[in-house]
Amino acid sequence: MTDRIKIVADRNIPFLEGVFEPYADVVYIDGKNIDRDDVKDADALVIRTRTRCGSSLLDGSRVSMIATATIGTDHIDFDYCDAHGIEVHNAQGCNAGGVMQYVFSALYGTASRKSLKLSPGDTLGIIGVGNVGKKVEQMARHIGFNVLLCDPPRAEREGSDAFCSLEHLLLNSKIVTLHTPLNDTTRGMADENFFSLMRPGAFFINTSRGEAVDEHALIDAMPKLGPVIIDTWNNEPDINLELLDLVDIATPHIAGYSYLGKQNGTASSVQAVARHFGIAPLYDFFPAGDGQELAPVHLDLRGMNQGEITSVLQYNYPIFTDDFMFRMAPENFERLRSEYHYRREICIG
């Protein structure tokens with residue numbers, strides 16, 4: 174690298190400020206406010222999901238690299254980027270542990286509040302078995318759940334009998350948790366037919382993308398369903414307040430907001446940009462930690478009863494605090510996310 178490059182970055186990405194400055198000119202802007210004028214002379218963007226990257230933003234710019242510190246990529250027009258030689262990198266798996274923790278804290282917390290029994294051998298169905306779904310599967314099997322997996326792309330690619338059809342999963346699962354990316358095949362997949370196939374009283378959890386769910390169909394189905402736990406919403410941050418009032422746990426798209434998850438996301442983005450532009454000192458960058466008090470907590474939940482598991486999970490992540498804060502001020506959706514106090518992750522083993 175000879176000339177200094179210019180990077181435009183979302184100011185809400187943690188651990189980023191000061192990292193690129195020895196090697197590049199960096200401008201920090203709220204992600205939702207990054208516009209065409211900001212990027213016209215930029216070489217790289219380091220963003221989150223609030224910055225939509227397509228022709229309206231990128232036409233006429235010299236951007237050659239986009240790194241998003243998220244696993245989701247539905248905010249990026251890949252066809253446009255491919256056509257214009259723009260490299261795109263996402264932080265695959267960065268928040269998998271945080272989402273797994275959220276799912277089980279929410280599941281056991283809600284069951285406790287509603288006096289619902291969770292028993293070894295109950296069936297937990299996972300729709301979408303990528304990095305996050307695999308983590309959820311590991312924890313489910315660790316606790317003793319029977320697990321059903323639905324992931325048509327993986328089933329086709331791997332030819333494995335480990336996967337079942339969506340219909341079979343919905344008909345046979347006491348808990349259904351959604352971990353799909355958002356694309357043409359998953360948008361609105363949780364529709365009227367989807368909910369009609371679910372068992373009466375079944376849990377429904379969505380921590381993937383809001384638009385994977387037809388929210389009107391979900392509302393109509395709720396008298397039949399058991400607890401509903403929603404972290405991702407249609408039209409964020411202008412969410413459906415009727416749905417907010419009806420669900421058992423509501424949070425503002427923070428399921429993956431663990432301390433380690435945010436470290437992973439930023440590290441992935443920095444390393445990708447560094448390699449694209451040849452900034453060798455940052456090839457192995459990882460944000461400094463705050464000591465052992467934020468390192469992942471290793472748990473062994475095998476053999477514990479439901480009350481013991483609930484107590485351990487709530488101690489490590491009291492999820493109803495996030496639910497309460499959101500319900501009190503849903504209009505602060507973005508502020509609750511940007512000012513979130515990253516929690517300490519759990520892991521098994």
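To get the numbering used here, take the position in the sequence shown, counting from 1, and add 173. Where a beta carbon is used, it is the ideal one built from N, C-alpha and C, also for glycine.
The continuous alpha helix (DSSP H) containing Ile492 extends over residues 492 to 501.
Distance from the CA of Arg209 to the CA of Val236, rounded to the nearest whole angstrom, comes to 11 Å. Ser431 is bridged by DSSP to Arg516.
With contact defined as three or more Cβ pairs closer than 8 Å, the segment 390 to 405 and the segment 469 to 485 are not in contact. For Cys254, the uninterrupted alpha helix (DSSP H) run begins and ends at 251 to 256, by DSSP. With respect to the 9 Å criterion, Ser234 and Asp252 are not classified as neighbours on the basis of their beta carbons. The beta-carbon separation of Tyr281 and Thr483, rounded to 4 Å, stays under the 8 Å limit for a contact.
Between the alpha carbons of Asp387 and Gly298 lies a distance of about 19 Å. Checking the DSSP bridge columns, you'll see His471 partnered with Cys520.
When Pro325, Asp324, Val320, Leu355 are compared, the shortest CA-CA separation from Ile348 is found for Val320. DSSP places Phe368 within a helical segment (H, G or I) once states are collapsed to three. If you draw a straight line from the Cα of Glu415 to the Cα of Asn408, it is about 14 Å long.
Three or more Cβ pairs drawn from the segment 431 to 450 and the segment 267 to 278 lie within less than 8 Å of each other, which places the two stretches in contact.
Between the beta-carbon of Pro460 and that of Thr439 there is about 6 Å, and that keeps the pair under the 8 Å contact cut. Here Gly298 is bridged, per DSSP, to Leu321, Val349.
For Asp183, the secondary structure class from DSSP, reduced to helix, strand or coil, is strand.
Note on geometry: alpha-carbon atoms of Tyr275 and Glu194 lie some 35 Å from one another. Assignment of His248 by DSSP, reduced to helix, strand and coil, places it in the coil class. By the 16-neighbour rule on beta-carbons within 10 angstroms, Arg177 is exposed.
In this structure, Ile244 lies near Asn304, with their beta-carbon atoms less than 9 Å apart. Secondary structure note for Val199: its beta strand (DSSP E) is the uninterrupted segment 197 to 202. Excluding its 5 nearest sequence neighbours in each direction, Val272 has C-beta neighbours in its own chain below 6 Å: Val305, Thr380, Ala428, Gly429, listed in chain order. Between Met238 and Phe458, the C-beta spacing is not below 9 Å. Here Leu419 has Met395 as same chain residues with Cβ atoms under 6 Å from its own Cβ, once five neighbours each way along the sequence are excluded. Val219 is bridged by DSSP to Ala182, Ala240. Annotation for Asp364: Asp387, Ala390 place their beta carbon closer than 7 Å to its own, counting only its chain and skipping 5 residues before and after.
Comparing alpha-carbon positions, the option among Pro491, Ser285, Glu504 lying closest to Pro410 turns out to be Glu504. Here Arg314 is exposed. Its C-beta has fewer than 16 other C-beta atoms within 10 Å.
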